[in-house]
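Going by our numbering, the first residue of the sequence shown is number 18, and it counts up by one from there. Don't be surprised by glycine CBs; every beta carbon is placed ideally from N, CA and C. A short write-up of the structure that comes next.
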Amino acid sequence: MNLLGLRLIAQIMNWTDDGVATAEYTWLRLMASTKYDGYSDFRAGSRFIENLAIWLKQFDAEDRQTAYDFIKHR
18 MNLLGLRLIA
28 QIMNWTDDGV
38 ATAEYTWLRL
48 MASTKYDGYS
58 DFRAGSRFIE
68 NLAIWLKQFD
78 AEDRQTAYDF
88 IKHR
């Protein structure tokens with residue numbers, strides 16, 4: 018798993034508490050390994066963490082948690 022990508026997500030989401038970041042990293046790693054990065058038809062070089070970071074950046078800072086929660090709970 019790309020630690021730089023995880024740190025980027027933490028920065029975008031403004032996770033300043035290491036406990037929150039650590040808990041979310043666990044979920045992000047699970048999603049990346051089982052739902053996205055291992056999918057046989059994914060584009061070469063395209064990864065879940067990096068794409069999630071790009072997607073989250075499009076939202077205003079106050080709306081990012083809602084967008085993240087939508088991905089996490091749907």
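>> Measuring alpha carbon to alpha carbon, tell me which residue in Ser50, Thr51, Asn19, Asn31 is nearest Tyr85.
In response: Tyr85 has its Cα closest to that of Asn31, out of Ser50, Thr51, Asn19, Asn31.
> Would you call Ile71 buried or exposed, if buried means 16 or more other Cβ atoms sit within 10 Å of its Cβ?
Replying inline: With fewer than 16 Cβ atoms within 10 Å of its Cβ, Ile71 is classed as exposed.
> If you draw a straight line from the C-alpha of Leu45 to the C-alpha of Asn68, how long is it?
Replying inline: For Leu45 and Asn68, the distance between alpha carbons rounds to 12 Å.
> Could you give the distance in angstroms between the alpha-carbon of Phe76 and the alpha-carbon of Tyr42?
Replying inline: Taking the Cα positions, Phe76 is about 21 Å away from Tyr42.
> For Leu73, is the classification buried or exposed, using 16 other Cβ atoms within 10 angstroms of its Cβ as the cut-off for buried?
Replying inline: Only buried fits Leu73, as 16 or more other CB atoms lie within 10 angstroms of its CB.
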